[in-house]
Every structure is written in structure tokens, then in C-alpha cells.
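Just below is one structure, and these are the notes that go with it.
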Amino acid sequence: MTENVERHRYDVVVIGAGGAGLRAAIEARLAGKRTAIISKSLFGKAHTVMAEGGAAAAMGNVNPNDNWMVHFRDTMRGGKFLNNFRMAELHAKEAPARVWELETYGALFDRTKDGKISQRNFGGHEYPRLAHVGDRTGLELIRTLQQKVVSLQQEDKAEYGDYEARIRVFAETTITELLLTDGKIAGAVGYTRESGKLLLFEAPAIVLATGGVGKSYKVTSNSWEYTGDGHALALRAGATLINMEFLQFHPTGMVWPPSVRGILVTESVRGDGGVLRNTDGKRFMFDYVPDVFRHQYAETEAEADRWYTDQANNRRPPELLPRDEVARAINAEVKAGRGTPAGGVYLDVSSRLPADVILKKLPSMYHQFKELADVDITKQPMEVGPTCHYVMGGVEVDADTAATSVPGLFAAGEVSGGMHGSNRLGGNSLSDLLVFGKRAGEYAAKYTDALGEARPEVRKSDVDAAIETTLAPLTRAQAGVGENPYDVWHDLQSVMQDLVGIIRRKHELEEAIKTLAELRPRVASVQAGGTSRRFNPGWHLALDLRNMLVVSECTAKAALEREESRGGHTREDFPAMDPKWRQINLVCSLEGGEVKLTRKPVPTMRRDLLELFDKSELKKYMTPEELADLSTKE
Amino acid sequence: MALHHFRIWRGDGDGGALADFDVEVNEGEVVLDVIHRLQATQAPDLAVRWNCKAGKCGSCSMEINGKPRLGCMTRMSTFDPAETITITPLRTFPVIRDLVTDVSYNYQKARELPAFAPPPGLAPGEYRMKQVDVDRSQEFRKCIECYLCQNTCHVVRDHEENKPAFAGPRFFIRAAELDMHPLDARTDRKEFAKEEQGLGYCNITKCCTEVCPEHIHITDNAIIPMKERVVDNRYDPLVWLGRKIFRRDQLAAASVPGPGAAPTLDQDGRMPVREATFDKAGAASPFGEDVKFPLPTDEIDYQPHQPIDPGSEKH
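Chains G and A are the protein sequences, given in the same order.
The opening residue of the first sequence carries number 1157 in the numbering used here; numbering runs sequentially from there.
The opening residue of the second sequence carries number 90 in the numbering used here; numbering runs sequentially from there.
Printed below as a string of C-alpha cells:
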């Protein structure tokens, strides 16, 4: 191959520059490793900026009764007990320290009266728990981590005379293939958007922190970067994915105007008093409280309204039920003909709070609706409906080390699986990416230490093959063969939106799997839609497409296999949660280019953690055999 | 649905031209939607940056009918269907391709500004700050780094020669944010802004504030207070003594040359009052005093230019 490739050597390469990636990179650099950050966009633009509500951490600043055990319990309940318990435990224990650490990097959270970090209520959290900055917490997080990376670069500049001596950001760079030698990570190949130049990274440890998969759906809150790159890279490298059937559809995305369909309206609109009404004007959530939650939620509007000012003596409003319940309720109302013409329901805060309070509490929301839709949320209701928001499933990792089954490959943040089980609580993703981002960076550094001098060498034939794959869409464009990538993408989105959406059915999933298989040859022969290598979005999409396809196949296959409804997976033909299925994780791997699905038992929770729950509550999740087993051990 | 006429600049650093497109526009769409439709139907390789499409990430900065704006925040309903919409890249930064420019200048300036200095003696979790004391810095932390302010600022727009010495409005608010941070341990933020960031170049034409999509009061709340403090400090005897005791390189780590052509203080040792109070005290807006947007279609054009220092850092 005559192709010119720019070579780089690092100890740790972090793919992804959102919260998890930056936190991992900071940790690896603090451990003294030469670290590269691969950012698909410009530095500081990652999808983390979109997180609004906050970072969940049981600091107990607002309610001193809060602690890690309560947080752990809430997380397991939210995930319907399918979570990797060890991840949920580490997350609940370490989140406060990770949030406090951000203050030492310069973060400025909203404050309590006594000057501590303020914490707000959020769906599924028993106490006010989310550290926040108005409704732009994600921006604060990414900027803080970005500025911490810069401060480390300044230290290196002072010490070595070079900002990039030990930590460098490769902006607008995409990794297309991971390279393995003798089954271990040896490096990665990618390209940079600015020039189309190809890059080879030689590194023994790689952290995947690429976020989610939402761009496979038509209606999504996710940005263009969310094409399942890390999921697909992991599969192709021989790692496994779990829980891919669980996708979170955020209950309240904007449905009007159409151009911003999918963009989400933070849950804090409901936490601060916003209510959901159908077109009859009815506050319908009272009709959708499932039995498992019955005793925790208000039964009358009067009680629900008292809760905002007196939480000790009243139960929560049903608008604050976990996200999947709210999403399903809205879906049911729309299907019953009580939705708006655009296919949503009304979320109203204007009749509930004075305009100045809305402006203070929800400034970005106000701003967003005013500018994008010319809707004044202090004067009129919003029009909202479910939007594809978050994938619970992801790369199967070891809880403590964030290591995948491939030596040298780690994963953290949305791209990893297990932490959130079948459904994620709002606020748990920002804390997740801090806790496991740090762990991934720490253990990637330790892994390189353990390797010592015995670093796997990149094989030239692998590099050549990766380059050929990367350039193939351009080669086809030059030859004038292959389809327009946008057409294939839109077809893929239609399949996922229509057949693997929020409510799933057997025959639709079977049709989806068949249609996705038919898309495979089209994706494999797609062209760039232009021959230029310099910032050519058609080329970028053509490469992202194969990632979207393989990840979509995992989701469709796992959704067909799991014959129950749980969290972010709802089967119309199996509407109930089945305790037998709680014991099973569905694991995806790639064999000969085909997605293979296997069943694997969910790890059994430690006894001390089980004892945090009432026996009566465990009954909702566990099989009679498991419960009997529990009793005998008592 | 209506057909709109668009002119979009296409090309790279070697040159280019405005290309004409007729494209369908649906109710409720924004300019970025239209660009996406063009990519999907007429120009698959049309280069544009974007991420969140919700005005939160600051990626899709461009000049629409001559005015620096975010593509995702510009509603099509604000245009007349008969109107030609002209889109050009940000003029202050070198073009890479089509609507994408090389904004590395900003990342370089970000690196030259000393980071938050944690207060000694306070462990994580021990930070205590009043909301009223963090409000001011929080306003500046709303910044989404779209760099529209940097692009608009006439100190560097069409003045490549000022770039080495001038950090620009985005980094003046960063300096102000740290200056006003209740627990930042550094005390030389204002000095640094004056000596190393080229704060003095700014003559408060408020163009930056005008284009800020986050409506941050860049001039009133950051630049003017920083300028006033610089004046105060220069003549504060203790600070004066500090300046005598410490070398300049101890006051600030970065090695950028100081602003040569910065406005000087008057004979009384004060900044001219009119500069701090007048709405448009200094030079005219980069667009000219009496320019009204949108600019007439035939007056908008774009010429790529090369940076003065082609070896400047890129990532």
C-alpha cells in the first residue's frame, strides 16, 4: 500500500472526548501515561453537553438521610434488578467523590444556602440527589473536564516545553478499526476530518468512550456522532455486548416544530412542577402507576401538588415515575387518540409556576423553546413525546476495572453495558461516566504497567487492511459505483424506528432482522458521494453506517429473544416482567461477520446488598426458587 | 412547503465560489435542516460542522446573509420565501472546506490562559460558596464556545496581525469568570488580561455581545469590569509594589508578546472614561456603523485567506 499514514505512539488511547473519555484520559495522564484523546468532533462539543438535569451523587447536602445505599437501591429498582450489582454499588459509593473532585477542577455547581453543592429531585431518586447547574449540567461537566485537560497540558508545557508532551487531543478524528496482535490490543487506525489524512496509533491500551447509538433512529435526542462506533469496534475486536435490547426512550422530547423533533425536554420540568395532560386536558399519569410503585406515588392531584412543598408528608406526583413508565403512558395516550396532531401530549409548567421562577429554574429550556419553536413556556404548554435517548446496553466489562474480554480494551460511559440494567435513572449517566471513566483510565494505565516492554506490535498487513476498508467508499465514489449513503441511512432509520421502537412485537422484530440483513450488502457497497477526502461528510457517513448496522442487528435480535417487558424493552406480546428473565443477560458477539446471541446468567447479588431491600420488594423481581433460597440461608 | 433559493460558499483555502441551490423548506425548519437536506439530495459532500442541533454545543457557526449566527438557531420562518439566503464560512478563521473553518486559534488562546488554581488547604468536598457569589461566574460558564464573538470582533476580523497578541472576547469572559470565582487562588487575572491577553485592544463596540447566542453580557459584565479593575490595580500601591517585586514572567506564565498597540491610559492614569461608558466608543462595528442586516445579497462575498503563521498549532 502506497498510502501515507501518520504514525503516533501512545501508552493509552482514549476514543471519545465526552465526559467518560475525558475523565479516563485525565486519570491515565495523572498516572504518568502518554495519553491520546480521539475526539470525533471539535474538543468540547461531545454529546455530554446535552445532559441537562444533573449528576446523581448521594452527598446528602439537601437531605442528610441520603447515602450510597439508598442510591444503590434506587439504581437497582430503576434497572429492574438486571443491573450489574457491583457496578451499581461502585457507582453509588464513588459518585460523591467524583463530583467533589470537579470543584477542584473549577466547576461551579448551584449552591445550597449553606454554600454546599445543591441537589435536585429527579425521577426514580428517593432524595434530592442531582448536583446541577441550572439545566446545563452537561455543559458544565464537559467544560470542566476540558479545562482540566488544558491545565494538565499547561503543567506539561512548564515541565517539558510542549503542551502535548503527555496528553494530546486529536480533534475531528474518527477511529475506523482496532488492531490486535495475538489477541491483544496493539493499536488503531483512523482518519482526520480536516484533511482526510490517515492516522495509525500504536498503543497497548485503548479505552472506548464513544457514547450511544441513537442515530440509527429517526426520532432521537442524540447528535450525529452517536453511531455506535465503540459498540461496533468492540464487536469487531472480539469483545461482547450485553443488554442491547434495552434502549431508553426519553418520555419528553420535543415533537414540534418538526425540525427539532426528538430534542429532549429535561425531566426537571416535571421535578419542578410541570404536569402532563392529554388533549382532553386530563392529567393522565394517575392512570398509569404500576403496582410495584403504587405506595410511593400520590393518588390525587391535591396530594401530588402538596409534595412539591412538603415531601415528608406527601407522596410524589406520578409525573415523576421512571422514564419508561412515563414514555409508555404518553405512547398509550397518543395511540388512544388523545394526543396532539404532531403525535405528542402537553407538558405544562406555565400554569404551575410564576414566569420568573420558570426563568430561573429552567433557563435553557426557556431559551431553547423560544428560539427554536417560538414557544414561550412561561405562557403556554410544550408539546412532547418519546424520543430515543440512551442505550443501556453496551460493551460487557468487568465492574471494577472497566476491562472488556479483549486484553488492553476498556470501555466506560454509555458505550459500556451493565451499570443501568434494563433502565437508567436520570442523573445516573453523568455520575456513571465520571466513576467508570476514572476507573477505565486508571486500569488502562495499570495494564500498560503490567505489560512492561512486552507490548504487542502492530502488523503491517492489519494496517493495510484497515486502510483499505477506510478508503473503500472513496474508491467506489471515484469508480462511480455504489449507493448514496444518505439513502441507505434513511432506510436503516426507518427499520429501527418503525419495527424496533418503543413498543415491540414478534413479527415486526422478525421483519426487522430480515430487512437489516438485506441492508448489509447495500451498506458494504455504499459510496462516499464525493471523491474529496477533505471534510467530506458523505465519506464519514458511509463509514459510520456499518457501525450503525451491526449494532442495530444486535438490538433487533436481542429484542426478539427477550420475551418479557422490562425497563427499556417493551413487548406488546409479552407485557409483563418475568422473574426468570431477570436471571438472563443476552450477550452479542460477532462470528464470521454474523451477530451471534447467547444467554448468560446475571451475576448473583451479594447478600449484604440484597439485605438493603425489603423481602416484599424482592418478590416483584425474583423467582420463587430464588426467594426460597434466600429464606433458607437466613 | 416552499422552494427557497440558497447561495452557499463552496471551496477550500485555494479558492471557491458561491454555489446556487433551490431547495424545499418545510414549516418549522431552521437553516441547518436545509443544509442537511442539501447534503442528502444534492450535495453529499457539502462540508458543515454540527452536533446537537439544539443551540447547546456551538458547532454550526456560519455567516447567514452576512451575519454571524448558529445554523441550528436560525428559523427559516424569519426569511421571506422570495429572499435569497447566502451562507458563507466564518470570515475570521482560515477555511478548511465549504462552511468549515480552522478554529484552532481559539484552542491555542485557551491554552495560554492559566487554569483554575485550586485554593490551598481545602480538600474536595470542603468547598463552600454562596450562590450569589457564583452567579457572576456562572453567567460566563454558559458559553458554548461557538466562537461567533471571536469571529465578529473587529480586532481580529480582517486583522491577522493582531491575532498573536489578542485572545478575544471568549477568553476575556473566561478570565473574568476566574477573576470572579470565589475560590480561585490566583490574584493576577486582571493583570494577565491586560498584559498577556490584549484586553486593551478592545474598545467596547459590543459586537461580541450582539452575536452571542447565549446572550452573555460579554462587554458589560466581563470586559468593562476587567478593564476597570486593571485600571484600579495599576494604581493600587500594593499591586504596584507587587509589580516591582515580581518579574513579569512570574506574574504570568505564558510567553505571548504583550499588546503593542493597546490604548494607553490618559495623563491622570485612568482609562478614557468615554471608552468604558459609551455604547460605541471606539472603532466602528466591523460591519460599518450603519450596516443593517440582512446585507443586500449582491454585497455578500467571501474570500479565503491564509493565516499569517501557517505553522500555528493544529490538532
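Just so you know, even glycine gets a beta-carbon here, dropped at the ideal spot from N, CA and C.
Comparing alpha carbon positions, the residue from G:Asn-1692, G:Ala-1488, G:Glu-1598 closest to G:Asp-1556 is G:Glu-1598.
For chain G, the residues of the segment 135-158 of chain A that bring a beta carbon within less than 9 angstroms of one of its beta carbons are Leu-135, Ala-136, Val-137, Arg-138, Trp-139, Asn-140, Cys-141, Lys-142, Ala-143, Gly-144, Lys-145, Cys-146, Gly-147, Ser-148, in chain order. Put simply, of G:Gln-1683, G:Ile-1669, G:Arg-1762 the residue whose alpha carbon is nearest the alpha carbon of G:Leu-1716 is G:Ile-1669. Under the three-pair Cβ rule at 8 angstroms, the segment 1337-1351 of chain G does not count as touching the segment 1545-1554 of chain G. Between G:Phe-1357 and G:Ala-1176, the C-beta gap is not smaller than 8 angstroms, which leaves the two residues out of contact. Annotation note: the segment 1211-1254 of chain G contains the following uninterrupted alpha helix (DSSP H) runs of length 4 or greater, listed N- to C-terminal: 1224-1234.
Of G:Tyr-1444, G:Gly-1638, G:Pro-1220, G:Leu-1301, the smallest CA-CA separation from G:Lys-1594 is found for G:Leu-1301. The count of Cβ pairs closer than 8 angstroms, one atom from the segment 1514-1526 of chain G and one from the segment 1383-1394 of chain G, stays below three, leaving the stretches out of contact. Contact between G:Glu-1539 and G:Ala-1498 holds: CB atoms are separated by about 6 angstroms, below the 8 angstroms threshold.
By the CB criterion at 8 angstroms, A:Phe-260 and A:Lys-198 fall inside the cutoff. Residues of chain G with a Cβ closer than 7 angstroms to the Cβ of A:Asp-101 are, in chain order, Arg-1690. Taking all protein chains shown into account, A:Met-90 has fewer than 16 neighbouring C-beta atoms within 10 Å of its C-beta and is therefore exposed. Counting other Cβ atoms within 10 Å of its Cβ, G:Arg-1450 stays below 16 and is therefore classed as exposed.
With the criterion set as a beta carbon lying under 7 angstroms from some beta carbon of chain G, the segment 290-320 of chain A has no members that meet it. Restricting attention to A:Val-189, A:Cys-141, A:Tyr-216, A:Lys-252, the CA atom closest to the CA of A:Ile-97 is found in A:Val-189. By the C-beta density criterion, A:Pro-385 is exposed, having fewer than 16 other C-beta atoms within 10 angstroms. For G:Phe-1199, a Cβ of chain A is located within less than 8 angstroms of the residue's own Cβ.
Within the segment 1416-1484 of chain G, the beta strand (DSSP E) runs of at least 3 residues that lie entirely inside it are, in chain order, 1431-1433. Counting only the Cα atoms, G:Ala-1458 lies some 16 angstroms from G:Asp-1428. Counting along the chain, no alpha helix (DSSP H) covers A:Gly-100; the unbroken beta strand (DSSP E) around it starts and ends at 91-101.
Here A:Met-315 is actually not in contact with A:Pro-271; their C-beta atoms are around 17 angstroms apart, not less than 8 angstroms. Close partners of G:Tyr-1502 in chain A (Cβ separation under 8 angstroms) are lacking, with about 18 angstroms as the shortest Cβ gap. Neighbourhood of A:Met-162 in chain G, by CB distance below 8 angstroms: Glu-1527, Leu-1528, in chain order. Going by DSSP, A:Pro-157 is part of no alpha helix (DSSP H) but of the beta strand (DSSP E) stretching over 156-159. Rounded to whole angstroms, the gap between the alpha carbons of G:Glu-1159 and G:Arg-1433 is 60 angstroms. Proximity of chain G to A:Arg-275 at the Cβ level (cut-off 9 angstroms) is not reached, the minimal Cβ distance being about 11 angstroms. Taking a Cβ-Cβ cut-off of 8 angstroms, the neighbours of A:Lys-219 in chain G comprise Arg-1267, Gly-1271, given in sequence order. For G:Val-1205, the nearest CB of chain A lies under 8 angstroms from its own CB, placing it at the interface with that chain. Taken atom to atom, the span from the alpha-carbon of G:Val-1707 to that of G:Lys-1371 is near 11 angstroms. For A:Arg-186, the neighbours in chain G by C-beta distance under 9 angstroms run, in chain order, Glu-1350, Ser-1688, Arg-1690, Phe-1691, Asn-1692. Closer than 9 angstroms at the C-beta level to chain G, one finds these residues of the segment 229-244 of chain A: Arg-230, Lys-231, Cys-232, Ile-233, Glu-234. With its beta carbon at least 8 angstroms from every one in chain G, A:Ala-256 lies outside the interface. When secondary structure is reduced to three states using DSSP, A:Thr-173 falls in the strand class.
The beta carbon of G:Gly-1384 is closer than 6 angstroms to those of Val-1369, Asn-1703, Met-1704, Val-1707 in its chain, skipping five residues each way along the sequence. According to the DSSP assignment, G:Gly-1175 belongs to no beta strand (DSSP E) but to the alpha helix (DSSP H) extending over 1175-1186.
Check the Cα spacing between A:Phe-182 and each of A:Ser-193, A:Arg-263, A:Cys-146: the tightest is with A:Ser-193.
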